[in-house]
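In what follows, a structure is listed as structure tokens, so that the remarks can point back to it.
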Amino acid sequence: DQQVKQNSPSLSVQEGRISILNCDYTNSMFDYFLWYKKYPAEGPTFLISISSIKDKNEDGRFTVFLNKSAKHLSLHIVPSQPGDSAVYFCAAKEGFQKLVFGTGTRLLVSP
Amino acid sequence: DAGVIQSPRHEVTEMGQEVTLRCKPISGHDYLFWYRQTMMRGLELLIYFNNNVPIDDSGMPEDRFSAKMPNASFSTLKIQPSEPRDSAVYFCASRPTGGQGEQFFGPGTRLTVL
Chain A
1 DQQVKQNSPS LSVQEGRISI LNCDYTNSMF DYFLWYKKYP AEGPTFLISI SSIKDKNEDG
61 RFTVFLNKSA KHLSLHIVPS QPGDSAVYFC AAKEGFQKLV FGTGTRLLVS P
Chain B
112 DAGVIQSPRH EVTEMGQEVT LRCKPISGHD YLFWYRQTMM RGLELLIYFN NNVPIDDSGM
172 PEDRFSAKMP NASFSTLKIQ PSEPRDSAVY FCASRPTGGQ GEQFFGPGTR LTVL
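Line by line, the protein sequences give chains A and B.
Quick note: the first sequence uses the numbering used here, first residue 1, plus one each step.
Quick note: the second sequence uses the numbering used here, first residue 112, plus one each step.
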């Protein structure tokens, strides 16, 4: 009964290429979505977010796309760098304060 | 500025023992969250507080788990008695009132129950 799903546990890309991480959700009441990045032995850190009234938000190399009709969002990283290697969590805001997280996707960017 | 502080960073204990995890939120943040991370379920919210008051504890798995926030700068998550299936990484996060929902996470406590 996972409300936020990241179906790819891992992704490998070469440096300089595009990384696309995907996330699906089931609850149409979610109104705000976030991506977090996590390095080993550290806590997740906020990366980028998007409101449900938008379909795209861009911040430097990172762009998040939201397709509400498909209940799908994706994070694009271009160009990918080795320092981007981490676990990426998708999260959706439920109500005023709660975040519901996916299980994460491990990205490996090789030189 | 100091971020969210958690202690201990690692805890190894035997089944049946009491475990206490500690968290100091970022100063000025009104909300504090406790999460558990496992491979199967990812990051699960256990409980959250607003102004030291527990608001939603629906994620606490069993009565063996309890959490307190005696003041604005300190919270504990206690497991008693601990079981091997409690082994996970436990994160504390905080956020201020306002904004859209971004939470600031601590480094986590890796708990191993033997």
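Positions of the beta carbon are idealized from the N, C-alpha and C atoms, including for glycine.
{"Item": "Residue-chain proximity (A:Ala91, chain B), Cβ-Cβ < 9 Å", "Value": "yes"}
{"Item": "For B:Ala178 and B:Trp145, believed in contact at Cβ under 8 Å, the rounded distance", "Value": "6 Å"}
{"Item": "Contact set between B:Pro218 and chain A, taken where Cβ atoms lie within less than 9 Å", "Value": "Ala41, Glu42 and Gly43"}
{"Item": "Cβ-Cβ distance between A:Phe48 and A:Thr63 below 9 Å", "Value": "The question names Phe, but residue 48 of chain A in the sequence shown is Ile. Going by C-beta atoms, A:Ile48 is nearer than 9 Å to A:Thr63."}
{"Item": "Contacting residues, own chain, Cβ-Cβ under 7 Å from B:Phe216 (five flanking each side not counted)", "Value": "Val115, Phe202 and Ala204"}
{"Item": "Start-to-end residues for the beta strand (DSSP E) that takes in A:Thr63", "Value": "Phe62 to Asn67"}
{"Item": "Whole-angstrom distance between A:Leu66 and B:Glu155, CA atom to CA atom", "Value": "23 Å"}
{"Item": "Listed by chain order, chain A residues near B:Arg159 by CB distance under 8 Å", "Value": "Note that residue 159 of chain B is Tyr in the sequence shown here, rather than Arg. Those within 8 Å of B:Tyr159 in chain A are Gln97 and Lys98."}
{"Item": "Proximity test, Cβ basis, 9 Å: B:Ile137 and chain A", "Value": "no"}
{"Item": "B:Pro165 - containing beta strand (DSSP E), residue span", "Value": "Val164 to Asp167"}
{"Item": "Which listed residue (B:Met151, B:Ala199, B:Arg206 and B:Glu213) has its alpha carbon closest to that of B:His230", "Value": "Nothing in the structure corresponds to residue 230 of chain B, since chain B is present only between 112 and 225."}
{"Item": "B:Gln128 classed as buried or exposed, judged by whether at least 16 other C-beta atoms fall within 10 angstroms", "Value": "exposed"}
{"Item": "Rounded straight-line distance, which links the Cα of A:Ser85 to that of A:Glu15", "Value": "10 Å"}
{"Item": "Minimum Cβ-Cβ distance from B:Leu222 to chain A less than 9 Å", "Value": "no"}
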